[in-house]
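These notes are about the structure you will find just below.
Number of protein chains: 2
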Amino acid sequence: MTEEHLQKAEQLLEQSRLRKTRPRLEILCVLLAADSPLTGEQIFDRITPASVDKATVYRTLLLLLRHDIVHHAYLRNRIRHFELAHHCKPDHCHPHFTCRDCGRTVCLYQAVVPAVQNLPAGYLVLHRQTRLEGICPNCRTEGFGDE
Amino acid sequence: MTEEHLQKAEQLLEQSRLRKTRPRLEILCVLLAADSPLTGEQIFDRITPASVDKATVYRTLLLLLRHDIVHHAYLRNRIRHFELAHHCKPDHCHPHFTCRDCGRTVCLYQAVVPAVQNLPAGYLVLHRQTRLEGICPNCRTEGFGDE
DNA sequence: CTCTTTTTGCAAATGATTTGCAAGAAGAAT
DNA sequence: ATTCTTCTTGCAAATCATTTGCAAAAAGAG
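And the structure:
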């Protein structure tokens with residue numbers, strides 16, 4: 680929990696006029712330090728041990744979700760993953776790539792998702808989400824070792 | 680459970696060399712008759728009452744998933760939705776549209792999803808999934824009534 | 001510093017999905 | 001058709017992520 684993250688966390692709460700409490704700051708700092716979406720459990724584990732209850736973690740994530748400070752996605756299984764909404768445009772999130780080999784998920788911030796073509800008339804799209812599945816660069820090169 | 684669906688269901692099981700059992704046929708018929716992805720619970724409810732155990736429904740769906748006869752997606756909440764893989768190409772499913780108003784999800788079979796642009800080098804994409812959220816034509820026109 | 005309103009911790013509840021296990025079908029072999 | 005072996009099912013109980021009730025504790029206003 681660096682000083683820089685802490686300040687950013689406070690700023691995020693201020694912007695939404697939310698009280699600055701210990702659990703909220705802890706959770707935001709964890710998310711600020713993360714480089715991929717995390718589950719509630721993972722967030723709980725990364726918080727200063729036992730300083731925040733798990734129920735509070737989930738409750739807080741729901742709050743942050745309502746204030747659009749974090750976004751969530753179901754990446755692989757039925758477990759929800761959370762990440763800061765930083766890199767998301769109002770109408771769509773960056774795509775998520777999940778590796779079938781190592782199971783890791785990465786956010787592809789720089790990738791561009793073109794609009795869906797040939798949409799039937801009458802649908803108003805407010806939000807888009809793209810999930811990619813495959814083999815990550817890491818796992819692809821690893822195979823070469825023993826062939 | 681029409682005769683036509685029953686035949687199609689048997690055919691699907693044959694193709695994967697799976698035993699034709701009562702629960703499997705029932706479940707496939709439900710999915711063949713559905714026009715949108717269904718949850719395990721919904722499938723259970725639509726089956727001839729009490730003829731199949733709920734655990735069997737889930738177990739069977741997992742089996743069909745492994746044989747690529749059905750696909751699944753998390754559409755709104757943590758609940759899994761299942762549908763026949765019929766309309767899916769090997770590398771991607773049709774997009775799903777979920778209405779924020781009525782909550783219904785529809786499959787947009789005719790929509791075209793362009794490939795993601797500017798993907799970082801080294802990623803091998805095997806599967807794509809697109810989720811759209813917004814207002815459906817039905818809910819959009821409904822608003823005009825009382826304004 | 002007091003007071004009012006939110007939040008939190010703790011424990012227990014939920015609810016979708018899984019799993020263990022013995023009884024019951026499917027399909028192959030006889 | 002009957003037997004046999006293997007795969008499936010039903011039932012009940014277990015999981016596990018997530019929620020919820022409630023009284024105690026903290027935040028921020030006055």
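Residue numbers (the numbering used here), protein chains in the order written: chain S, 680 to 826; chain L, 680 to 826. Heads up, the beta-carbon is just placed ideally off N, CA and C, and yes, glycines get one too. None of the values given here were measured: they were computed from a predicted structure.
- Y753: these are the residues of the segment 734-755 of chain L whose beta carbon lies less than 8 Å from some beta carbon of chain S, given in chain order.
- Under the three-state reduction of DSSP output, Q694 of chain L falls in the helix class.
- For Q808 of chain S, the C-beta contacts it makes with chain L under 9 Å involve Q808, T809, R810, L811, E812, in order along the chain.
- Taking 7 Å as the CB threshold, R757 of chain S lines the interface with chain L.
- Against chain S, the beta carbon of G801 of chain L has neighbours under 7 Å at P816, R819, listed in chain order.
- A residue is called buried when at least 16 other Cβ atoms come within 10 angstroms of its Cβ; I758 of chain S does not meet this threshold and is exposed.
- Put simply, the CB of A713 of chain S is far from chain L, with every gap to its CB atoms at 7 Å or more.
- For A734 of chain L, there is no enclosing beta strand (DSSP E); the enclosing alpha helix (DSSP H) has its first and last residue at 733-745.
- When S:L787, S:V791, S:C815 are compared, the shortest CA-CA separation from P716 of chain S is found for S:L787.
- The beta carbon of Q789 of chain L falls within 7 Å of a beta carbon belonging to chain S, placing the residue at that interface.
- With respect to H773 of chain S, E812 of chain L sits apart: the two C-beta atoms are not nearer than 7 Å.
- Put simply, the CB of L717 of chain L is far from chain S, with every gap to its CB atoms at 7 Å or more.
- Nearest CB-CB separation between Q721 of chain S and chain L: not below the 7 Å threshold.
- Taking C-beta separations shorter than 6 Å and ignoring five residues to either side along the sequence, the partners of F776 of chain S in its chain run V785, L787, L811, following chain order.
- Taking 7 Å as the cut-off, the Cβ atoms of R725 of chain L and V749 of chain L do not count as close.
- When the Cα atoms are used, G782 of chain S and H751 of chain S turn out to be separated by approximately 18 Å.
- Here the C-alpha atom of D747 of chain L lies approximately 11 Å from the C-alpha atom of L692 of chain L.
- Using a Cβ distance threshold of 7 Å, T809 of chain L and V792 of chain L count as a contacting pair.
- Annotation: P769 of chain L has no Cβ neighbours in chain S at a cutoff of 8 Å; minimum Cβ distance is about 12 Å.
- Chain S has a Cβ within less than 7 Å of the Cβ of Q796 of chain L.
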